[in-house]
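Below is one structure, written out as structure tokens; the observations come after it.
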Ligand SMILES: Nc1ncnc2c1ncn2[C@@H]1O[C@H](COP(=O)(O)OP(=O)(O)OP(=O)(O)O)[C@@H](O)[C@H]1O
Ligand SMILES: Nc1ncnc2c1ncn2[C@@H]1O[C@H](COP(=O)(O)OP(=O)(O)OP(=O)(O)O)[C@@H](O)[C@H]1O
Ligand SMILES: [Mg+2]
Ligand SMILES: [Mg+2]
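Residue numbers (the working numbering), protein chains in the order written: chain S, 1 to 224; chain B, 1 to 253; chain C, 1 to 227; chain X, 1 to 249; chain L, 1 to 249.
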């Protein structure tokens, strides 16, 4: 009975997954662009910018995501009407911005001082130094930590249901409530779907990490 | 052009509202469709969790709530209820092989589960937990389904759910039984924003009555819950509800 | 606004009672996650192929599936093999196991950003892999990882709310209960958001402080200067 | 125009964590002149070089390059004219040797890809690294890194070059070659300030020798005078070591 | 016992990314002997040292230390007996100078805090760094870093020390002092393998000189013979540079 239902409902699980994936792609993109900007500001910016990034980070990491979603959809949505999906992209995207900014900041601060100095000595402007020396190295080092962000946001998309975006997890809870039970079985199927998506994404990111690897750093393959 | 109403539901609440095959179904959903048709309105449904439905109503993202909504004093402060179309009692659920009866399931060291924020939860709190003579522990769950699962594991002794839910559980073949009933006569109704800004309360009330009187209501209910006893509509109307004071919109005018 | 203050006055005490469970779950889970993460990251960076694969599988499974599912398996699934955990333990273990996977990835990133000369020098002096990790690699990676690791600490603080699913009333569930009682969900959640802001603020501020205090003298980039 | 010194360092002071590393250093460098800076370890030689192009901004004093005070405004253009070879090389770890040498040429001087590659190849061949174009810094030997960093500075065609121990990692043969390169540059009219204890260069191409100790210039003068008749006892003591070693040959 | 060489390197080969950097290198080092390795940049000198204590495990060949084949098993104990001074210093960036020197003494040799501090101070004084105990590597000058790294190796009281260009960052005075330290060690019976082009040391304390090029040992012999009558043309060409410079003095 569980399996019949699951088979019958599978297309809807897939539809839920598809919506979740669109949301994921949008919010990660937003978070990447803004997060990178914010991290540069927080490491190299004027103190006012640093204060701004600090506040932004505190607020958007600190407020529970459900509250963010409600605030954006009902609060800001009151002034600028937006669909639940757009509200979810913005709320979760800004949240992701704060988290990604921390990832990039950590990586940027681990770039060797000497190289930054060498770039400046050659006449590279601050911006050029950031662009050509700091970011290429920091972004490489961010790939690993960024897989965390990808994994965690993938599942955070399910929170968007609070403002009516029906994605995978919500579709699954439909099935659970229809069956009045079988929680484990149904969620195992959902978990498997998330797992596949997560694995595919991370496999891609790890492949990128290996491809971009440069000699000279600690890590697998060292012989000592 | 007919007015389109957006009805908020929580579609994980069979047999009243749920989703299957990509469509919203259930007694409340079908009944609402019938009412809308009858009253010359269009209706569309939007599934949201509880914490979002109220702000959605306040922000006019939705026009009314169509879900297993119990009429309570607190809710009366924020919402305007239609006439009640159902009454519910609460059932004490225990494992099918449990030796507990309705008394032992609710006293003497028992651990009772309920869905957090539900009327059942409040009832246990007010009548059992706060009474020092009765030694019980209340566990509130995000979802009563998990409470039932936890009871199956054996961590808790009983779970209190509404009659409809209890019947649905048994209907679906879960290995639980009803140890006893707590008679509540808890009315259920639809609701709109306080003050009825869209002026639909009268139409809804009229629609409910017409649905009931035409016998369509009974058909709908029985198509989802074959053994359910149909209550008279309007069911018990508590005095404290503002919209139940005469004249009642749609009935008395 | 005055309504809100009045609302806060009425309900804040009830909400604050949930802080204990939230913080307790968080602390146990973070410690468990941290210890396990060290093992995982060692396996992912330094161990033999089979251990590496095992650790990778762990990381992928625990990051790849929803924490709620993991929690359900631990809480409702383990009893099938005779392990019945109380809700607090089950939640702490679930969150801890999940967090370990994330913490391990953050550590791995930081370790792999270190110049290889550091490990080489340590090993050349006769330090074992373990000693080199403990005394050279982790102290340096630990400093670098703080900004990223703070993500995990903060996320986890809020993630403790999934314990509600198995009947533990912590902060978020209390807010929801207040919502059901008053139907003022937005207000209730706003109150709880304030509490979370304060809690995460304390965590973030503490980590910022640790980051500044442990900064290695002479390394300017960590100060954000660029001459 | 050629009357004014190309580089004029005026009373530079620099303090690190309460310790004054440079205690007022002044000197001039004429166009086409080569000066060599010698002195004990930890004396502030590298710090002095870094102060000149404001990599470590001095706490006090000023630096005038070609009549223009070196200050934060417009510093990038000035720095592009001042080559800098670091004692620690500081190659860009994520770029191969060729890109290490090309990056600033393209980005700062705006040279075309082709032109930058041509200049890079020229300099890399000059220092004998043409076979390591694609190697990353971590794959280079000590001497190879040092040569790459020299090529990187020279390819910028600077007006003035600051060399910090440019031959420390080189074997004698290569030292000879790099000193040869530096002599050629000197003869071609390049202005240079070199921290080095390489007598070969000092003798053959340095116009003046600066002896620094404890953050001050103890003495300076043409190599012929300074090496043979130093004024200060400390200088002669230090020089003794230089010559002492050589006498053993 | 003193018949067998303390270190025996047999036919070591090492390939990096398809290029054979060491093409079968063999030599012996008797107890108390000092050998110096010279040769052009990129020739595999540093690689050779790293192969000896398996920091870069050789692809082929073997290393025997005091009768024991150096292999992964028990490598930590062996390495503790082999001091290593890196060309790139590799000081631990998060530890101050004192802790850099104390760490391995404590956790490898198990010395008490007090004893480790005492030995550390001894060596740091010897290299003239006693006033920089609390400084972190990023706060040191090039020469200071090099001296700290020498102190770190010596404080371990190894049986054998491998020095990779130990005086590259030092001024002549300090070079003299470090060479003096090395001479003392040599005279006290320490066994040493030194990559260096420091003639002072070669002449005064090296028992033998190994000339390497292109991954092979071209020639080896006592300094007196090798420096004056090298067998191979390549050797004499290389040595010419060494002596050439000195003749200028
Ligand atoms: N960032 C820093 N923080 C604190 N002290 C520093 C810093 N950089 C350099 N110093 C100190 O300043 C002094 C001068 O250093 P500098 O590098 O200029 O010496 P140097 O003359 O180049 O020596 P060497 O010949 O050994 O390279 C040293 O004692 C060093 O410890
Ligand atoms: N990790 C590596 N990957 C690839 N090639 C390497 C690596 N390490 C060294 N090499 C190459 O091996 C060769 C020998 O390097 P090594 O460092 O042993 O030279 P060396 O004799 O010490 O030179 P120097 O006197 O310049 O320090 C060089 O050509 C170098 O480019
Ligand atoms: Mg220096
Ligand atoms: Mg070398």
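For every residue, glycine included, the Cβ atom is placed at its ideal position computed from N, Cα and C.
Please read these numbers as outputs of a predicted model, since none were measured by experiment.
* Among 210/C, 201/C and 219/C, which has the Cα closest to the Cα of residue 56/S? -> 201/C
* Could you please tell me which residues of the region 145–157 of chain S, in chain order, have their CB closer than 7 Å to any CB of chain C? => 145, 147, 148, 151, 152 and 155
* Asked: Does the separation of the CB atoms of residue 149/B and residue 76/C fall below 7 Å?
  -> For residue 149/B and residue 76/C, yes; Cβs fall inside 7 Å.
* Under 9 Å by beta carbon: chain X residues contacting residue 144/L -> 41 and 42
* Asked: Is the region 17–25 of chain X in contact with the region 206–219 of chain X, if contact means three or more CB pairs nearer than 8 Å?
  -> yes
* Is the CB-CB distance between residue 18/C and residue 213/C below 7 Å? -> Note that the C-beta distance between residue 18/C and residue 213/C is not below 7 Å.
* What is the rounded straight-line gap between the Cα of residue 69/L and the Cα of residue 54/S? -> 57 Å
* Asked: If the cut is a Cβ gap below 9 Å, which residues of chain C does residue 147/B touch?
  -> 167
* Assuming residue 92/X contacts residue 103/X under a Cβ cut-off of 8 Å, what Cβ separation, rounded to an integer in Å, is found between them? -> 7 Å
* Beta-carbon proximity of residue 102/C to residue 145/C, cut-off 7 Å -> Between residue 102/C and residue 145/C, the gap from beta carbon to beta carbon reaches 7 Å or more.
* Is the distance from the Cβ of residue 173/B to the Cβ of residue 141/B below 7 Å? -> no
* Asked: Under 7 Å between C-beta atoms, does residue 60/B make it to chain S?
  -> Using a Cβ-Cβ cut-off of 7 Å, residue 60/B does not count as an interface residue toward chain S, since no Cβ of chain S sits closer than that to its own.
* To do: Please specify which runs of the alpha helix (DSSP H), each continuous and at least 4 residues long, are wholly inside the region 139–187 of chain S, giving them in chain order.
  => 168–179
* Asked: Using the beta-carbon count (16 or more within 10 Å), is residue 227/B buried or exposed?
  -> exposed
* Asked: Roughly how many angstroms lie between the CA atoms of residue 82/S and residue 82/C, to the nearest whole one?
  -> The straight-line gap separating the alpha-carbon atoms of residue 82/S and residue 82/C is approximately 50 Å.
* Just the C-alpha distance for residue 249/B and residue 188/B, rounded to the nearest angstrom, thanks. => Rounded to whole angstroms, the separation of the alpha carbons of residue 188/B and residue 249/B is 17 Å.
* To do: Less than 8 Å between the CB atoms is what I'm expecting for residue 76/L and residue 127/C, so what's the real figure, rounded?
  => 7 Å
* Does the beta carbon of residue 245/L sit closer than 7 Å to a beta carbon anywhere in chain X? -> Since pLDDT at residue 245/L reaches only 48, below the 50 mark, its modelled position is unreliable, and the value read off the structure follows with that caveat. Taking Cβ atoms only, chain X reaches closer than 7 Å to residue 245/L, which makes this a yes.
* Asked: Taking residue 48/B as the reference, which of 200/S, 206/S, 202/S and 167/S has the closest Cα?
  -> Of 200/S, 206/S, 202/S and 167/S, the residue nearest in Cα terms is 167/S.
* Asked: Is there a Cβ from chain B that is less than 7 Å from the Cβ of residue 75/S?
  -> So, not an interface residue.
* To do: May I ask which residues mark the beginning and end of the alpha helix (DSSP H) holding residue 201/L?
  => 199–205
* Short-range partners of chain C found in the region 68–79 of chain L, where Cβ spacing is below 9 Å -> Contact annotation: in the region 68–79 of chain L, residues whose CB is within less than 9 Å of a CB in chain C are 75, 76, 77, 78 and 79.
* To do: Could you tell me the boundaries of the alpha helix (DSSP H) in which residue 173/X lies?
  => 172–187
* Can you pull the chain B residues whose beta carbon is under 7 Å from the beta carbon of residue 79/C, in chain order? => 153
* Asked: Can you find a C-beta in chain S that's less than 7 Å from the C-beta of residue 158/B?
  -> no
* **Cβ pair count under 8 Å reaching 3, the region 5–14 of chain S against the region 186–193 of chain S** => Judged by Cβ distances under 8 Å, the region 5–14 of chain S makes contact with the region 186–193 of chain S, as three or more pairs qualify.
* To do: Select from 73/B, 74/B, 59/B and 80/B the residue whose C-alpha is nearest the C-alpha of residue 66/B.
  => 80/B
* Backbone secondary structure at residue 88/B - three-state DSSP -> Residue state, collapsed to three classes: strand.
* **Distance cut-off 6 Å: residue 21/X Cβ against heavy atoms of ligand 1** => yes
* Asked: Could you give the residue range of the beta strand (DSSP E) that holds residue 45/B?
  -> 42–47
* Alpha carbon to alpha carbon, what distance is there between residue 194/L and residue 214/S? -> 30 Å
* Counted within 10 angstroms of its Cβ, other Cβ atoms place residue 211/C as buried (16 or more) or exposed -> buried
* Counting contacts by CB-CB distance shorter than 7 Å, is residue 162/B in contact with chain S? -> No, because no Cβ of chain S sits closer than 7 Å to the Cβ of residue 162/B.
* Asked: For residue 139/L and chain C, any beta-carbon pair shorter than 7 Å?
  -> yes
* Go through the region 151–217 of chain B residue by residue and report every complete run of the beta strand (DSSP E) that reaches 3 residues or more, in order. => 158–162, 176–188 and 191–193
* Determine the extent of the alpha helix (DSSP H) in which residue 114/B is found, giving its start and end residues. => Looking at the DSSP string, residue 114/B is not in any alpha helix (DSSP H); the run it does join, the beta strand (DSSP E), is 110–115.
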